[in-house]
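Numbering (the numbering used here), first residue to last: 49 to 297.
In structure tokens, the structure reads:
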């Protein structure tokens with residue numbers, strides 16, 4: 049076996065491990081899981097995942113010793129998100145909402161237990177709610193778009209997410225009972241509404257939709273709270289619903 053062949057084999061093994069971590073994002077995995085999935089010897093699997101951690105393509109939780117996809121892997125993937133089919137499909141809707149509202153509009157997709165921001169359009173109002181950057185992940189249920197997506201899940205699935213991330217929710221003043229009650233309200237009125245959850249003085253509304261049977265996404269609008277009273281929330285939510293309906297309802 050030549051050095052080139054050996055190098056190619058190692059690269060393929062590393063990429064396969066990276067791909068498997070990505071497929072299981074949101075469910076941190078043990079080294080044993082990586083060994084079983086890759087079919088590699090323990091020492092080989094450990095060297096590969098250790099290299100991924102060193103380069104930032106994987107992360108290892110210091111407490112649980114489990115692995116997850118790292119930020120470098122996500123950043124590389126997100127370099128192309130501005131030209132993803134979903135962004136292209138929704139671009140005019142996002143621009144239209146930003147123009148009409150004057151505020152910031154976000155497109156997010158579900159990524160495991162998180163909402164991943166794919167695109168952001170800024171409106172003309174001088175004080176902008178730039179609470180989330182493109183490529184940034186937030187736990188489902190924290191942002192307006194993530195809250196709207198959480199409400200689309202089954203009660204068992206949403207409860208499981210709340211249980212897995214209880215500490216993160218509680219740090220923001222949220223709990224499972226409160227979120228469950230909000231899920232019911234969202235399902236009734238058709239959109240999510242948050243205030244001061246991410247940033248004090250900032251509010252948002254979000255509407256979820258399914259671009260395909262296997263994808264869950266949401267469009268949200270963020271603004272300073274003084275611009276998001278009940279009447280305006282209702283007005284903007286109707287516009288949101290119309291735009292989301294065009295892309296999957």
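Beta carbons are placed, not taken as given, at the ideal position from N, Cα and C, and that holds for glycine.
Distance, residue j Cα to residue i Cα
i           : j           : result
residue 109 : residue 167 : 29 Å
residue 83  : residue 212 : 24 Å
residue 95  : residue 229 : 46 Å
residue 280 : residue 185 : 27 Å
residue 289 : residue 176 : 22 Å
residue 203 : residue 163 : 18 Å
residue 261 : residue 65  : 27 Å
residue 272 : residue 251 : 6 Å
residue 144 : residue 179 : 20 Å
residue 156 : residue 119 : 17 Å
residue 103 : residue 296 : 38 Å
residue 266 : residue 287 : 13 Å
residue 106 : residue 277 : 42 Å
residue 60  : residue 111 : 29 Å
residue 92  : residue 218 : 39 Å
residue 183 : residue 191 : 14 Å
residue 81  : residue 210 : 24 Å
residue 259 : residue 134 : 8 Å
residue 146 : residue 275 : 14 Å
residue 154 : residue 231 : 20 Å
residue 161 : residue 89  : 30 Å
residue 223 : residue 117 : 26 Å
residue 86  : residue 149 : 49 Å
residue 236 : residue 173 : 30 Å
residue 189 : residue 141 : 23 Å
residue 205 : residue 57  : 38 Å
First and last residue of the uninterrupted alpha helix (DSSP H) at residue i
i           : result
residue 268 : It is not in any alpha helix (DSSP H) - residue 268 instead sits in the beta strand (DSSP E) that spans 263 to 272.
residue 199 : Careful: residue 199 lies outside any alpha helix (DSSP H) and carries neither H nor E.
residue 85  : 79 to 86
residue 176 : Segment: none, residue 176 is in no alpha helix (DSSP H) and carries neither H nor E.
residue 218 : 214 to 219
residue 231 : 224 to 237
The beta strand (DSSP E) enclosing residue i, as first and last residue numbers
i           : result
residue 163 : 162 to 169
Bridge-paired residues (DSSP) for residue i
i           : result
residue 152 : 270
residue 117 : 106
residue 158 : 163
Residue i in three-state terms, based on DSSP
i           : result
residue 256 : strand
residue 187 : strand
residue 135 : helix
residue 206 : helix
residue 250 : strand
residue 242 : strand
residue 76  : coil
residue 56  : helix
residue 92  : helix
residue 181 : coil
residue 276 : coil
residue 306 : Since the displayed the chain opens at 49 and closes at 297, residue 306 lies outside it and no answer follows.
residue 101 : helix
CB contact below 9 Å: residue i versus chain C
i           : result
residue 147 : The displayed structure is made up of one protein chain only, and chain C is not part of it.
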